[in-house]
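Asker:
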Amino acid sequence: MKKDQLLTRLLTRRRVLIAGAGAVGAAATAGVVTAVTGDGPVTSAPAAGSQARRLVKSSAYRLQPLTGYGPPRAAPRRTLVRREPLLRVSGRGRTMVLTFDDGPDPRYTPDILDTLAEYDVRAMFFVCGEMVAGSRNLLARMADEGHVVGNHTWSHPLLTRLSRRQIRSQMERTCDVIEDAYGERPEWFRAPYGAWNRAAFQLGAELGMEPLGWTVDTLDWTTPGIRSIAKRVERGAAPGVVVLSHDAGGDRSQSVRALRRYLPELLDSGYHVTVPRRHYA
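According to mature numbering (1 follows the signal peptide of the UniProt record, and there is no 0), the stretch in the sequence shown is residues -35 to -1, 1 to 246, in order.
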């Protein structure tokens, strides 16, 4: 081949390459992107405006984070469905639990919290949702001071007369308002009047709550007198005992004053008044 012919072919090939590069650049400027998938090439339609300047989408493997270095996923906590409520708590030594139902009530709950704070004692409050709605600040204080808040339904009905759907509504609404005011969803549930049924146990477990009853009933709701309330607690004191009192639902001034009498007596007798811990399956 002559030198002139060889030079002509080289120039022709160069022009072809330059023309091809220009076509690719024009296509990119027009927003035509060709993506290669497992089924062959797919061409997208031209985009307009700011979308025309988007970069080519990264490969799929670049969009998936590496999971090998992340923390292991914890198994979801599961609550057993019980057939009867817990009546006592386990703990080392002479451990007792004080519980207060039906509140919070701005007339009595603050005084009870003041007494507990004076002796650096934690207690449990089984609250009604409709009561929480007007006293959210009291639940915030309970959270700050380390007390445990349990679910005592929304309006304190007799659960054995309600349908399953109604029981769920009573429980769920109260869980929601507790979470909003206290900062956490309740892990404990107590049926009003101690009237439990299968639906209450099942629905409580579905909502992640354990049923807690009581061992000693102060009968403070009958207003028997300060001395009578205090004696019931002192005589019933024993390791693992759960004491039932009330901070709402009527005149609870006797309950407030009785706590001031029997709490220091329990502590002086060597009892450790605290709140229970959950044990998950």
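Ideal Cβ placement from N, Cα and C applies to all residues, glycine included.
Look up Gln29 in the DSSP assignment and say whether it is helix, strand or coil.
Answerer: Since pLDDT at Gln29 reaches only 42, below the 50 mark, its modelled position is unreliable, and the value read off the structure follows with that caveat. Taken through DSSP and simplified to helix, strand or coil, Gln29 comes out as coil.
Asker: Could you compute how far the alpha carbon of Leu104 sits from the alpha carbon of Arg43?
Answerer: 26 Å
Asker: Excluding the five sequence neighbours on either side, which residues of its own chain have a C-beta within less than 6 Å of the C-beta of Leu20, listed in chain order?
Answerer: A caution first: Leu20 carries a pLDDT of 42, below 50, which makes its placement in the model too unreliable to give a value.
Asker: Out of His237, Leu228, Val240, Phe90, state which residue places its alpha-carbon closest to the alpha-carbon of Glu83.
Answerer: Leu228
Asker: Taking the beta strand (DSSP E) that Ser210 falls in, what are its first and last residues?
Answerer: Boundaries of the beta strand (DSSP E) around Ser210: 207 to 211.
Asker: Within 10 Å of its beta-carbon, does Ala(-10) have 16 or more other beta-carbons around it, so buried, or fewer, so exposed?
Answerer: Because Ala(-10) sits at a pLDDT of 41, beneath the cut-off of 50, its placement in the model cannot be relied upon, and the following sentence gives the value as read from the coordinates. With fewer than 16 Cβ atoms within 10 Å of its Cβ, Ala(-10) is classed as exposed.
Asker: Using a 10 Å radius around the Cβ and a threshold of 16 neighbouring Cβ atoms, would you call Asp67 buried or exposed?
Answerer: buried
Asker: Thinking just about the alpha-carbon of each residue, which of Arg242, Val142, Met174 is nearest to the one in Gly99?
Answerer: Val142
Asker: Cβ atoms of Thr74 and Phe91: under 8 Å apart, would you say?
Answerer: no
Asker: For my contact list, Ala213 and Met96 are in at a C-beta cut-off of 8 Å; report their separation, rounded to the angstrom.
Answerer: Separation of the CB atoms of Ala213 and Met96 is rounded to 6 Å, and the pair is thereby assigned contact status at 8 Å.
Asker: So is Val46 buried or exposed if we call it buried at 16+ other beta carbons inside 10 Å?
Answerer: With fewer than 16 other Cβ atoms within 10 Å, it is exposed.
Asker: Cα separation between Thr112 and Leu127?
Answerer: Before going further, note that residue 112 is His rather than Thr in the sequence given. Going from the Cα of His112 to the Cα of Leu127 covers about 30 Å.
Asker: Rounded to a whole number of angstroms, what is the C-alpha to C-alpha distance between Thr180 and Val207?
Answerer: 5 Å
Asker: For Glu152, count neighbouring C-beta atoms within 10 Å of its own C-beta (all shown protein chains included) and say buried if the count is 16 or more, exposed if not.
Answerer: Buried, since its Cβ has 16 or more Cβ neighbours within 10 Å.
Asker: Using 8 Å as the threshold, is the C-beta distance between Pro241 and Val114 below it?
Answerer: In this structure, Val114 does not lie closer than 8 Å to Pro241 by Cβ.
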